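**Student:**
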Amino acid sequence: MLAPTNETFYNVALLFMKEQLEPDDLLAFTQGKEEGFIAVYKLYYQEIRYFTFKMLGSKEESEDITTEIFLKLFKIHERFTTQVNIKAFLYASAKNSCIDHIRKVKRRKTIKKDFSDTSTGEFANEIEDVTVEHAIIETVMIKEIYEAVEGLPDKCRQIFKMLYYEGLKPDVIAHQLSITPETVRSQKRHALELLRVRLSDNQMALAVILTLSLLECGQYLNAADTFA
Amino acid sequence: MPQIHNIEYIGHLIARYLREELTGPENQVLQEWIHASDVNREKFSALISSETLIRNLRAWKEAGTGEELVWQRIDRYLNPKPRNIFSLYRVSIAATILLVAGLIAAWYWLLQNKKEQPAVAQTETRPVNDVSPGGFKAKLTLADGSTIVLDNAANGQLSEQANTAIVNKDGQLIYTAGKSNAGAGNAVVYNTLSTANGETYMLTLADGSKVWLNAASSIRYPVAFTEKDRRVEISGEAYFEVTPDAGKPFLVQAGAMEVRVLGTHFNINSYCEESSIKATLLEGKVKVRDVSQGKEVTLKPGEQAALASSRSQSGPLATYHSPDLEEVMAWKNGKFVFNDADIQTVMRQLERWYNVKVSYGYDIKKQPINVTGQISRFSNASKVLDMLAATGWLRFTIEGKKITVMSRR
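Protein chains in written order, with UniProt numbering: chain C, 1 to 228; chain W, 1 to 409.
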């Protein structure tokens with residue numbers, strides 16, 4: 001149960017004010033008190049869960065590994081006196097756990113296929129550092145965009161979420177909220193303006209949403225609607 | 001090999017790029033990273049495409065939904081429960097018995113249903129996960145220990161004791177003293193009216209005094225007031241409208257609190273799970289006495305006396321000059337009224353009225369949460385919870401008779 005060696009640590013920083021842990025919580029964490037654990041967990045759970053999910057591509061496995069990572073962190077709580085160290089440990093240990101896991105799965109498959117004599121060293125190289133880096137970049141970026149959406153005014157946030165997260169059509173949303181489809185469209189424009197996210201190519205975005213709903217929900221949608 | 005980038009910073013820059021917030025120097029750093037390798041270039045264009053962005057936002061949201069569950073798993077390791085083999089054994093036996101009983105019940109139910117099959121499709125619109133409100137029900141225990149279940153359907157004269165007629169009518173139990181004073185001199189006969197969770201009832205005593213009984217409460221009273229004072233004992237919560245009788249003071253005992261009145265309107269809340277026993281006066285005048293300490297205060301209308309309900313935290317009998325009367329009287333007026341009320345106190349009220357068990361998410365106990373709002377007590381539980389959720393801090397789930405309170409991210 002050793003902390004990862006220095007070389008596996010990423011150079012992490014606390015990018016946002018929101019990310020700051022209260023001094024009381026940090027102290028409680030170092031002292032091994034539950035409220036400190038909860039504060040740290042609430043701050044980093046979603047990031048670590050998303051990161052491990054992206055690395056492993058499986059919900060169940062990312063759940064198992066996220067549980068392990070936090071338990072590992074809590075076990076050696078007394079070693080951490082700064083928040084940056086906590087975060088660096090989480091990412092480093094998330095990376096290591098994912099690589100271990102992928103290696104184990106690969107080896108099992110290899111043995112099954114009866115390709116013998118593959119030296120263990122090669123497995124490690126299969127997961128390149130750049131994959132890990134890209135997963136971290138993606139995690140940070142998505143977190144920031146998601147929080148920008150959360151910061152939208154109530155009405156346009158609701159409509160943004162229904163459109164993009166739930167993949168609902170403007171007509172359906174208009175019906176559910178008892179507003180006109182025109183209001184839905186104007187709230188959506190408003191949301192995109194506020195976010196200034198480049199989703200603003202209306203036709204494209206709509207086409208994407210419809211494709212996604214088709215793929216993910218298996219719903220039948222009239223192709224003609226796409227260009228309506 | 002280039003030196004290690006602050007890779008988080010690159011993520012932050014891509015987010016800013018998407019939001020068209022990049023400054024010149026920031027753009028330069030980002031461009032450098034993009035052009036450092038083909039894989040970076042590919043990753044960048046994938047990340048900023050609408051399709052990937054939407055898919056990733058959904059995945060992020062999805063990742064957040066397991067927060068509570070994963071914490072429960074972690075918590076099981078942090079606070080392992082000592083295993084008791086004996087109780088495990090007993091639990092498994094109980095589970096087996098329940099399972100067998102359940103199977104038999106299910107079998108019967110299926111048989112029954114088959115017979116009634118031709119019925120038209122059900123038009124019930126109530127959501128499956130909801131709990132209906134409490135209603136007018138109670139249990140009357142007579143002096144001989146026999147019990148009668150009361151509700152607002154069964155009307156009529158129940159019995160006659162100590163020259164007093166007892167009638168049940170429309171959710172109200174009424175005692176009417178006989179004209180002759182034949183009962184005087186005999187031993188006093190006591191009855192007890194009690195409500196369980198989800199029940200409420202009204203009572204008119206032999207002297208014409210009216211008592212409203214909230215859920216999970218009880219009152220013990222003489223069938224006829226033949227003594228020199230009128231003495232009743234309560235647990236839980238009750239509201240009194242006492243008929244004036246200067247010659248016979250009316251005394252209510254609630255735990256260590258005793259309220260002495262002449263003729264007046266007041267409420268007593270003495271649930272043992274609440275931190276204090278409270279008497280609140282609406283009209284008239286009462287004297288409130290702490291029986292264990294012998295201290296006494298006199299209340300004016302609109303005032304409240306409070307006494308710590310457990311011995312361990314016994315404090316002095318305190319008087320509050322401006323309690324929230326609307327909140328205190330809400331139950332009797334058929335409402336829930338919460339004015340900046342602590343969520344745990346609120347949920348205890350719901351437990352008693354909807355006969356549900358409430359549990360809390362792991363992070364609720366950390367910060368105190370207060371809620372405000374009012375709604376009819378005769379709404380389904382889901383309506384009340386919707387109102388509470390509208391405060392913005394909370395969300396709820398109902399499963400059968402179990403409500404879980406969680407904080408909203």
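All C-beta atoms in this analysis are idealised placements derived from N, C-alpha and C, irrespective of residue type, glycine included. For clarity, every value in this text was computed on a predicted model and none was experimentally measured.
#1: Just to confirm my understanding: we take Ser62(C), look at its own chain, exclude 5 residues before and 5 after, and list those with CB closer than 7 Å. What are they?
#2: Rounded to whole angstroms, what's the CA-CA distance from His301(W) to Ala215(W)? Just pull it up for me.
#3: Does the Cβ of Ile97(W) have 16 or more other Cβ atoms within 10 Å, making it buried, or fewer, making it exposed?
#4: Looking only at DSSP bridge pairs, what is Ser97(C) linked to?
#5: Using a Cβ cut-off of 8 Å, which residues of the region 141-159 of chain C contact any Cβ in chain W, in chain order?
#6: Can you list, in chain order, the residues of its chain with a C-beta nearer than 8 Å to that of Arg108(C)? Leave out the 5 residues immediately preceding and following it.
#7: With DSSP as the reference, label Tyr271(W) as helix, strand or coil.
#8: Counting only beta-carbon separations shorter than 9 Å, does Arg49(C) have a partner in chain W?
#9: Check Pro222(W) in the structure and name its three-state DSSP category.
#10: Can you list the alpha helix (DSSP H) stretches of 4 or more residues lying completely in the region 267-341 of chain W, in chain order?
#11: What residues from the region 58-70 of chain C come within 7 Å of chain W, judged by C-beta to C-beta, listed N to C?
#12: Using a C-beta cutoff of 9 Å, does Glu233(W) count as contacting chain C?
#13: Strictly below 8 Å CB to CB, what residues from chain C border Asn56(W)?
#14: In the DSSP assignment, find the unbroken beta strand (DSSP E) run with Gln46(C) in it and report its ends.
#15: What do you get for Asp130(W), buried or exposed, if any count of 16 or more other CB atoms within 10 angstroms of its CB means buried?
#16: Which one or two residues does DSSP pair with Thr141(W) in a beta bridge?
#17: If you compare alpha carbons, which of Gly373(W), Asn355(W) and Ser359(W) is closest to Ala381(W)?
#18: Classify residue 229(C): buried if its beta carbon has 16 or more other beta carbons within 10 angstroms, exposed otherwise.
#19: Could you name the residues of the region 12-38 of chain W whose beta carbon sits closer than 7 Å to any beta carbon of chain C, in the order they occur along the chain?
#20: Ile173(C) touches chain W at which residues, Cβ-Cβ below 8 Å?
#21: Inspect the beta-carbon positions of Ile14(W) and Ile136(C) and report whether they are closer than 9 Å.
#22: The region 144-166 of chain W: which residues have C-beta closer than 8 Å to a C-beta of chain C, in chain order?
#23: So for Trp107(W), helix, strand or coil by DSSP?
#24: Could you name the residues that DSSP lists as bridge partners for Thr164(W)?
#25: So, is Lys75(C) buried or exposed, given that buried needs 16 or more other C-beta atoms within 10 angstroms?
#26: If we call anything under 9 Å between Cβ atoms a contact, is Lys248(W) one with Thr264(W)?
#27: Going by C-alpha distance, which of Asn155(W), Ile104(W), Ala162(W) and Pro25(W) is nearest Asp144(W)?
#28: Specify the secondary structure class of Trp393(W) as computed by DSSP and reduced to three states.
#29: Taking 9 Å as the threshold (C-beta atoms), are Tyr146(C) and residue 411(W) in contact?
#30: In the DSSP assignment, find the unbroken beta strand (DSSP E) run with Tyr239(W) in it and report its ends.
#31: Taking all protein chains shown into account, decide if Lys357(W) is buried (16 or more other Cβ within 10 angstroms of its Cβ) or exposed.
#32: What are the start and end residues of the beta strand (DSSP E) that includes Val405(W)?
#33: Could you say which of Lys143(C), Arg79(C) and Leu152(C) lies nearest to Thr30(C) if we only look at CA atoms?
#34: How would you write the range of the beta strand (DSSP E) that Asn152(W) sits in, first residue to last?
#35: What number of angstroms, rounded off, separates the C-alpha of Gly32(C) from the C-alpha of His77(C)?
#36: Show which residues of chain C have a CB atom less than 7 Å away from the CB atom of Ile74(W).
**Tutor:** On the basis of the supplied data:
#1: Along the first sequence, one-based indexing puts residue 62(C) at 62. So the qualifying residues of the chain are Arg49, Thr52, Phe53 and Leu56.
#2: Numbered from 1 along the second sequence, position 301 holds the residue referred to as residue 301(W). Numbered from 1 along the second sequence, position 215 holds the residue referred to as residue 215(W). As written in the sequence, residue 301(W) is Pro, which differs from the His given in the question. Cα to Cα, Pro301(W) sits roughly 25 Å from Ala215(W).
#3: Within the second sequence, residue 97(W) is the residue found at index 97, counting from 1. Exposed, since its Cβ has fewer than 16 Cβ neighbours within 10 Å.
#4: For the purposes of this step, residue 97(C) is taken as residue 97 along the first sequence, with counting starting at 1. In the DSSP output, where bridge partners are listed per residue, Ser97(C) has none listed.
#5: Met141, Ile142, Lys143, Glu144, Ile145, Tyr146, Ala148 and Val149
#6: Locating residue 108(C) in the first sequence gives position 108, counting from the first residue. Contacts found: none.
#7: Within the second sequence, residue 271(W) is the residue found at index 271, counting from 1. Coil.
#8: As a first step, residue 49(C) is located in the first sequence; it is residue number 49 there, counting from the start. True, the Cβ-Cβ gap to chain W drops below 9 Å.
#9: As a working mapping, residue 222(W) is identified with position 222 in the second sequence. Strand at Pro222(W).
#10: 325-329
#11: Glu63, Thr66, Thr67 and Phe70
#12: Taking the second sequence and counting its residues from 1, one reaches residue 233(W) at position 233. By this cut-off, Glu233(W) is not an interface position.
#13: Stepping through the second sequence from its first residue, residue 56(W) is reached at position 56. Per Cβ cutoff of 8 Å: Glu138 and Ile142.
#14: Translated into positions along the first sequence, residue 46(C) becomes position 46. Here Gln46(C) belongs to no beta strand (DSSP E); instead the alpha helix (DSSP H) covers Glu34 to Leu56.
#15: Position 130 of the second sequence holds residue 130(W). When all chains shown are included, Asp130(W) counts as exposed.
#16: Mapped onto the second sequence, residue 141(W) falls at position 141. Per DSSP, Thr147(W) and Thr192(W).
#17: On the second sequence, residue 381(W) is found 381 positions in, with the first residue counted as 1. That would be Asn355(W), whose Cα lies nearest to the Cα of Ala381(W).
#18: The structure shown has nothing for residue 229(C), since chain C only spans 1 to 228.
#19: His12, Ile14, Ala15, Leu18, Arg19 and Glu20
#20: Position 173 of the first sequence, counting from 1, holds the residue named residue 173(C). Per Cβ cutoff of 8 Å: no residues; Ile173(C) is ~16 Å from chain W at best.
#21: The residue given as residue 14(W) occupies position 14 in the second sequence. The residue given as residue 136(C) occupies position 136 in the first sequence. No. Outside cutoff.
#22: none
#23: Numbered from 1 along the second sequence, position 107 holds the residue referred to as residue 107(W). Here Trp107(W) sits in helix by DSSP.
#24: Against the second sequence, residue 164(W) aligns to sequence position 164. Gln161(W) and Ala177(W), per the DSSP bridge assignment.
#25: As a working mapping, residue 75(C) is identified with position 75 in the first sequence. With fewer than 16 other Cβ atoms within 10 Å, it is exposed.
#26: Along the second sequence, read from residue 1 onward, the residue named residue 248(W) stands at position 248. Along the second sequence, read from residue 1 onward, the residue named residue 264(W) stands at position 264. Contact flag unset, no.
#27: For the purposes of this step, residue 144(W) is taken as the residue at position 144 of the second sequence. Among Asn155(W), Ile104(W), Ala162(W) and Pro25(W), the Cα nearest to that of Asp144(W) belongs to Ala162(W).
#28: By one-based count along the second sequence, residue 393(W) stands at place 393. Three-state DSSP puts Trp393(W) in coil, outside helix and strand.
#29: Because chain W is modelled from 1 through 409, residue 411(W) falls outside the range shown and cannot be assessed.
#30: To locate residue 239(W), count along the second sequence from 1; it is residue 239. From DSSP, the beta strand (DSSP E) with Tyr239(W) extends over Arg230 to Glu241.
#31: In the second sequence, the residue the question calls residue 357(W) occupies position 357. Exposed.
#32: Against the second sequence, residue 405(W) aligns to sequence position 405. Residues Lys402 to Ser407.
#33: The residue given as residue 30(C) occupies position 30 in the first sequence. Thr30(C) has its Cα closest to that of Arg79(C), out of Lys143(C), Arg79(C) and Leu152(C).
#34: Here residue 152(W) is taken as the residue at index 152 of the second sequence, counted from 1. From DSSP, Asn152(W) is part of no beta strand (DSSP E); its letter is neither H nor E.
#35: Within the first sequence, numbered from 1, the residue matching residue 32(C) stands at position 32. Within the first sequence, numbered from 1, the residue matching residue 77(C) stands at position 77. Rounded to whole angstroms, Gly32(C) to His77(C) spans 6 Å at the Cα level.
#36: Reading the second sequence from its first residue, position 74 is the one you call residue 74(W). The contacting residues are Thr67, Phe70 and Leu71.
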